[in-house]
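Residue numbers (the working numbering): 67 to 703. I have placed the structure first, in the form of structure tokens, so that the comments after it can refer back to it.
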Ligand code: WT7
């Protein structure tokens, strides 16, 4: 496998970026020529950000799985596509070659077909980190169904909301999942969700933990039984369904500043080209390298840089079922040593958590195979950056700090390993095709260097969000209406004297807890569902390991009784409604919230108090009842 679009020097990067801006059509046409198309496009890019309407490779026909699997069979058939490391280090690992993976995807695609799944149908996938998760994704893509993976940590209620929004009639799940010393009863969570979702026709259940599950006649079938049925049909092929470049590939739900998660839609052609292109360039992937991305496939990072990007490049992608700290905090380092991992792509929160264990768990593991380190999900603080650099990279591995979002599909701002310079806590420079722009509150461009502003992108890149499922207007207002003719990221950003970008965090009501995006409104809605809660306000505060943690101010009707028990009840409610990732870390009961005369909650004040900044609260004269601030300050938890 060779990558004609691979950028190998800073000069080539400069030239590629310039070409991509001067002649985007020409640039991406040439990149796209390295992929397999059933029919070439009629036009490379047509767009406006007003509607928005973005079409890449219009008229082209393809199937992404043909690019990720079939085209590698001749050259890489016996090479590992996926290496799977189970949760329990005592259990056997699995190596799945491109030929095996192709075979398994074809088999499961036939299972989906036999169960009535057709092109355009939505298939919800709720599984642990097992190879079958990647297989289910690819099988769905092979027959033109639209997959929507839900992270295994979400609650039944969250699943029901997503199933309803996507009108997904098919679910693929596991009996259970292993995560560290925990066993998560996935099928049972699905069963709870389905009480509200009678439109679901089929549930396909993979055996993993063999925990007892209920299997409803006519609706629930075992993965293994269905595979057997396909096998008795002989060895049928499942030719990839020809897709339009702009047909939807998947929906992935993510939080915004309103209560309801949005179904971000990515399409086949542009997403395929950009994930593979960015994978090869950012990580400087060399054929034969072992790439270990520690994210969960339930998030965009896993979609783009465990499954589609690496497989598009014919790479070897390591899938890890477990957690970084079980059975001990040396788990990552042991895996790197065991498989001679070359690229490690992880999150600042994981690095900070492992830093807390000192160097003991790092010692005794040979990390010399590592060539490139990567970080994603939140700003990486300098201390974590240096620890990662010195103790894991041993000072010889470039660190790529990759900034992007669920909506961007792939990495937009990052250094390229060993090609463009890194700078601690800076994502640095835009990839070719990406034109960042800083604007002030009024949408005026902030030019020059050493300036801060809201980060926007001026033009579409191939894997930009196309719509929010079932509600295009929501896509427009969320991303394209704040600043006319620009894509607004929701992030604040600083540009240094050399044009390097440093992401400073969200400027909207979105929290980033351990690299997971959570909307404050979503958490408030969940808290408010608890009987006894009158109203609530949620803000983030800095946390040493999680980056940000959740602080909830709650007006509670009946304050007699045990406050701690009430806190636990509220946490339980949030866990039920959203999932454990949205649990408030601190809960303070208050008699009222600081509101303006028009009834708007002044979060600025609540944020300050949560951060422990009690002195410089700022102007409180516009508050309806300034007295409430003193009470909140004095009872801070
Ligand atoms: C938000 C997107 C991209 C996959 C994981 C998260 C923050 C992401 C960085 C980075 C600083 C970052 C931003 C962004 N973020 N990467 N390298 N430096 N901040 O995807 O859940 O869609 O969240 O994560 O605030 O907007 P997501």
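Every residue, glycine too, gets a C-beta built ideally from N, C-alpha and C.
Determine the closest residue to residue 200 out of 290, 229 and 167, with distance taken between C-alpha atoms. 167
What residues match up with residue 243 in a beta bridge as DSSP calls it? 250
Give me the residue from 637, 660, 285 and 110 with the minimum Cα distance to residue 652. 637
Can residue 445 be considered in contact with the ligand WT7, in the sense that its beta carbon sits closer than 7 Å to one or more heavy atoms? yes
Look at residue 535 and residue 366 and say whether their C-beta atoms are less than 8 Å apart. no
Along the alpha helix (DSSP H) that carries residue 316, what are the first and last residues, could you check? No alpha helix (DSSP H) contains residue 316, which is instead part of the beta strand (DSSP E) from 314–320.
Using DSSP with H/G/I as helix, E/B as strand and the rest coil, what is residue 216? coil
Between the stretch 612–629 and the stretch 639–658, do three or more beta carbon pairs fall short of 8 Å? yes
Would residue 482 and residue 600 be called neighbours here (beta carbons separated by less than 8 Å)? no
State the DSSP-derived secondary structure class of residue 132, mapped to helix, strand or coil. helix
Could you pull the DSSP bridge partners for residue 607 from this structure? 615
Helix, strand or coil: how does DSSP classify residue 561 here? strand
Mind pulling the beta strand (DSSP E) runs of 3 or more residues that sit fully within the stretch 347–433? 356–359, 382–386 and 409–412
From residue 544 to residue 157, what distance separates their C-alpha atoms? 45 Å
So which of 405, 223 and 519 has the shortest CA-CA distance to residue 640? 223
Closest to residue 98 by C-alpha separation, out of 235, 173 and 344, would be which residue? 344
Please state the DSSP three-state secondary structure of residue 82. helix
Quick check: residue 321 and residue 583, are their CB atoms within less than 8 Å of each other? yes
Using a Cβ-Cβ cut-off of 6 Å (strictly less than) and excluding sequence neighbours within five positions of residue 589, which residues of its own chain qualify? 604 and 648
Could you round the C-beta distance between residue 236 and residue 183 to whole angstroms and report it? I think they count as a contact, below 8 Å. 5 Å
Integer-rounded CB distance, given that residue 90 should sit under 8 Å from residue 499: 6 Å
To the nearest angstrom, report how far apart residue 134 and residue 71 are at their CA atoms. 17 Å
With a threshold of 7 Å (Cβ to nearest heavy atom), would residue 441 be considered close to the ligand WT7? yes
Determine the direct distance from the alpha carbon of residue 146 to that of residue 557, and round the result to whole angstroms. 38 Å
DSSP three-state call for residue 551: helix, strand or coil? coil
Nearest to residue 335 by alpha carbon, out of 437, 104, 454 and 417? 104
Cβ separation of residue 703 and residue 660, assumed to be a contact under 8 Å, to the nearest whole Å: About 17 Å separates the two Cβ atoms, so there is no contact after all.
What would DSSP say about residue 304, mapped onto helix, strand or coil? coil
Taking DSSP as the reference, what is the three-state secondary structure of residue 534? strand
Which term fits residue 517, buried or exposed, when burial requires 16 or more other beta carbons within 10 angstroms of its beta carbon? exposed
Taking just the CA atoms, how far does residue 402 sit from residue 125? 43 Å
Is the distance from the Cβ of residue 492 to the Cβ of residue 411 below 8 Å? no
Report the residue from 180, 448, 369 and 269 whose alpha carbon sits nearest the alpha carbon of residue 298. 180
Kindly indicate which three-state DSSP category residue 234 falls into: helix, strand or coil? coil
Which whole-angstrom value is the C-beta distance of residue 440 and residue 466, which I expect to be below 8 Å? 5 Å
What are the start and end residues of each continuous beta strand (DSSP E) run of 3 or more residues lying completely inside the stretch 464–527, in chain order? 465–468, 502–505 and 517–523
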